[in-house]
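Enquirer: So that you can map any letter, position 28 of the sequence shown is 28 in UniProt numbering, and since no number is skipped, the others follow by simple counting. Each residue gets a CB set at the ideal place from its N, CA and C atoms; glycine is no exception. Computed from a predicted structure; not experimentally measured. Take this structure first; my questions come after.
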Amino acid sequence: MYDVQESIKAQEIYCEENKAPHFAPKTGRCWSCNQNIYAPGHHVWKGKSDGRESAGISVEKAGRELVTGCPHCFRSYCD
1 MYDVQESIKA
11 QEIYCEENKA
21 PHFAPKTGRC
31 WSCNQNIYAP
41 GHHVWKGKSD
51 GRESAGISVE
61 KAGRELVTGC
71 PHCFRSYCD
């Protein structure tokens, strides 16, 4: 299930409970490609969409894994 606000909360809780750093953008909007990481989008390479769709980070995934990068442009948030 995709829900931006619920995914943001799920990632915050995951980080708190696992004492992990919170790398994901607080709003969910990637500062590299400007798409929301918690919603489906389009693959972006060197600033341009290549036409392929990409899955965002679901509420379930945000609650069980540390988000370290963008699923759309593959920008790392922890380098």
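(1) Give me the Cα-Cα distance between Gly47 and Ala55, rounded to the nearest whole angstrom.
(2) Could you check whether Pro40 and Glu53 sit closer than 8 Å to each other, using their CB atoms as the reference points?
(3) Which stretch, first to last residue, makes up the alpha helix (DSSP H) that contains Arg64?
(4) Please state the DSSP three-state secondary structure of Lys19.
(5) Pull up the DSSP beta-bridge partners for Val44, would you.
Expert: Reading it off the structure:
(1) 18 Å
(2) yes
(3) 59-64
(4) coil
(5) Ser49
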